[in-house]
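Encoded as structure tokens, the structure appears first; notes follow it.
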Amino acid sequence: MKLALLLLALLPPQKQGLKDVAELARAGKKDEALALCDRLKGEGSARQRAAVEYARGVVHASAGERPPAAESFQHARAEGSGELRLASMYNLGSLALEQGEEWFKKLQAPAPAPPSPQGQPPGPDPLVQARQSYLAARQSFLERLKAQWDDADTRADVELVQRRLKRLDEIEKQRKEEQQKKDQEKKDQQKQQDPKDPKSQQEKSDSKDKPDPDKQDPQQPDPQDKDKDKQDPQKPEPPKPEDPTQPGEQQQPQPQEAQPQLSKEELTRLLDKLQQLEDQAAKLRAQIHKARRVAVKKDW
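Structure, rendered in structure tokens:
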């Protein structure tokens, strides 16, 4: 990648002024060289004017001024012929390739960009700028190869441009994958923090209703213990309370008031009957008392 400095070989022999332009460009005297080009441009034929434009392009390129240099080489390419036209094509590609390499370096090792003032758009993307420059360089180099396919410098530069464009495609693909990953992580984070998300609400409700075994009230019975009590056949059942209305038990009869119209014999029989009932009731109470003692007896 280099500029084709063909000033001396392309200059008409009768134009010593263009040789002076070349000398001034090599010495770094840009303003003097450009002033001389302006004086020489109005003289001579179209071929001579194309040579002056080519010389002007070399002066600007030597000073690092790519846009005016490219404009001058475009005029020389359009108006010139032969070796002058081929050299102008190559120089146009070289300028674009140099610009692409500068953007590519920024893309490979990007420096931390200073914060832009509010309301101003961010700076240009090095990837986009580098691709534009490489495509422009490839177009000029391919035009040069169509005119002379076996030029070694031009073919080497085309191969370099192709490698750079392939690398830019890889970087762009990696960018998209990383951006998709960040977007997905952001969506997942918003779902977790969004109180209106029904899925998030359901998860919070389930976790809230689920009892914590470490925080369980020790006074409340464990439902598993209840199931164990039901399944344990060896555990004795607690005694049931006595029901005074069970069969076999009789309530103590209430003595009837003696009626004055009863005879002595009837009264005697009634008292005997009451005595019998009283004896039976006493035996029944003794049996009930004994049965209670047996029922409540515990094995300590």
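Here the numbering used here runs 7 ahead of the position in the sequence shown, where the first position is 1.
Note that the Cβ used here is the ideal one computed from N, Cα and C, for glycine as well.
Note that this is a predicted model, so its numbers are computed, not measured.
Contact check, residue i vs residue j, beta carbons under 9 Å
{"i": "Leu-41", "j": "Asp-27", "result": "no"}
{"i": "Asp-160", "j": "Ala-144", "result": "no"}
{"i": "His-67", "j": "Lys-37", "result": "yes"}
{"i": "Arg-84", "j": "Ser-95", "result": "yes"}
{"i": "Gly-24", "j": "Arg-54", "result": "no"}
When the options are compared against residue i, the one with the closest alpha-carbon
{"i": "Arg-141", "options": "Lys-173, Gln-155, Trp-156 and Ala-159", "result": "Before going further, note that residue 141 is Tyr rather than Arg in the sequence given. Here the closest residue by C-alpha is Lys-173."}
{"i": "Arg-162", "options": "Ala-289, Arg-84, Gln-81 and Phe-148", "result": "Phe-148"}
{"i": "Glu-179", "options": "Glu-30, Leu-114 and Leu-277", "result": "Leu-114"}
{"i": "Leu-47", "options": "Gln-186, Ala-29 and Lys-198", "result": "Ala-29"}
{"i": "Gln-155", "options": "Gln-197, Gln-287, Leu-278 and Tyr-97", "result": "Tyr-97"}
Whole-Å CB distance - residue i paired with residue j, under 8 Å assumed
{"i": "Arg-151", "j": "Asp-158", "result": "7 Å"}
{"i": "Val-65", "j": "Ala-116", "result": "So it is not a contact: roughly 31 Å between Cβ atoms."}
{"i": "Ala-137", "j": "Leu-167", "result": "With a Cβ gap of about 13 Å, Ala-137 and Leu-167 do not count as contacting."}
{"i": "Arg-4", "j": "Ser-79", "result": "In the structure as shown, the chain begins at 8 and stops at 307. Residue 4 is therefore absent and cannot be evaluated."}
{"i": "Arg-171", "j": "Gly-107", "result": "7 Å"}
Residue i: CB within 8 Å of a non-hydrogen atom of the ligand NAP
{"i": "Asp-38", "result": "In the structure shown, the ligand NAP is absent, as is every other ligand, since no ligand is present at all."}
### Query
With contact counted as at least three CB pairs below 8 Å, one residue from each stretch, are the stretch 91-104 and the stretch 63-76 in contact?
Yes: the two stretches touch, three or more of their Cβ pairs being nearer than 8 Å.
### Query
Taking three-plus beta-carbon pairs below 8 Å as touching, is the stretch 84-95 in contact with the stretch 51-70?
Three or more pairs of CB atoms, one per stretch, sit closer than 8 Å, so the stretch 84-95 contacts the stretch 51-70.
### Message
Closer than 8 Å is the cut-off here; do at least three beta carbon pairs connect the stretch 131-141 with the stretch 192-200?
### Response
Flag = no, the stretch 131-141 and the stretch 192-200 do not touch.
### Task
Return the chain-ordered ranges of every alpha helix (DSSP H) run that is complete within the stretch 13-99 and spans a minimum of 4 residues.
Restricted to the stretch 13-99, the alpha helix (DSSP H) segments that are unbroken, complete and at least 4 residues in length are 14-17, 23-33, 37-48, 53-69 and 73-86, listed in chain order.
### Task
List in chain order: all unbroken beta strand (DSSP E) runs of 3+ residues lying wholly within the stretch 142-210.
As summarised for the stretch 142-210, there are no continuous beta strand (DSSP E) elements at least 3 residues long confined to that stretch.
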